[in-house]
Ligand SMILES: [Zn+2]
Ligand SMILES: [Zn+2]
């Protein structure tokens, strides 16, 4: 659990709080959500990757939208209700993303 407390590292592996799978660091960007179930943790306050929030609630993926050619997942914190946009990673589960789109319809 060392990585969870390391504020200088925004690109570290973690264990998903929702599905329990081990998530390895992304190749390029800071990974802030689970590529398998898309759940995140409320650790960022304003900017994705700032790790400034101390809420640490589980964040549920609630919506998906496309901006230019980038896909963004909206996460809502179970604990405090805050919503944050997060860019999709290239290896996010396509199936999970599809499920999310289905929810919106
Ligand atoms: Zn997960
Ligand atoms: Zn929160």
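In the working numbering, the protein residues as written are -17 to 87. The beta-carbon is built from N, C-alpha and C at its ideal position, and this holds for glycine as well.
Would you call the CB atoms of residue i and residue j closer than 8 angstroms?
i	j	result
residue 6	residue 15	no
residue 83	residue 69	no
residue 30	residue 79	no
Whose C-beta lies closer than 7 angstroms to the C-beta of residue i among residues of the same chain, with five residues either side of it excluded?
i	result
residue 35	24, 25, 26 and 27
residue 42	21, 57, 58 and 60
residue 0	16, 19, 21 and 40
residue 13	-7, 5, 7 and 71
residue -17	Unreliable positioning characterises residue -17 in this predicted model, as indicated by a pLDDT of 49, which lies under 50. The coordinate reading is nonetheless provided below. No residues qualify anywhere along the chain.
So what does DSSP say about residue i, is it helix, strand or coil?
i	result
residue 0	coil
residue 60	coil
residue 45	strand
residue 81	helix
Among residues of its own chain, excluding the 5 on either side of residue i, which ones have a beta-carbon nearer than 8 angstroms to its beta-carbon?
i	result
residue -3	3, 4 and 5
residue 52	69 and 70
residue 75	17, 18, 19 and 20
Any beta carbon of chain C sitting closer than 8 angstroms to that of residue i?
i	result
residue 8	The chain labelled as chain C is not found in the depicted structure, where only one protein chain is given.
Could you name the residues whose beta carbon sits closer than 6 angstroms to any heavy atom belonging to ligand 2, keeping them in chain order?
-> Environment of ligand 2, chain-ordered: 24, 37, 39, 59, 61, 62 and 64, taking every residue with Cβ within less than 6 angstroms of a heavy atom.
Just jot down, in chain order, the residues whose CB lies closer than 6 angstroms to any heavy atom of ligand 1.
-> Spelled out in chain order, the answer is -2, 0, 1, 3, 16, 18, 19 and 21.
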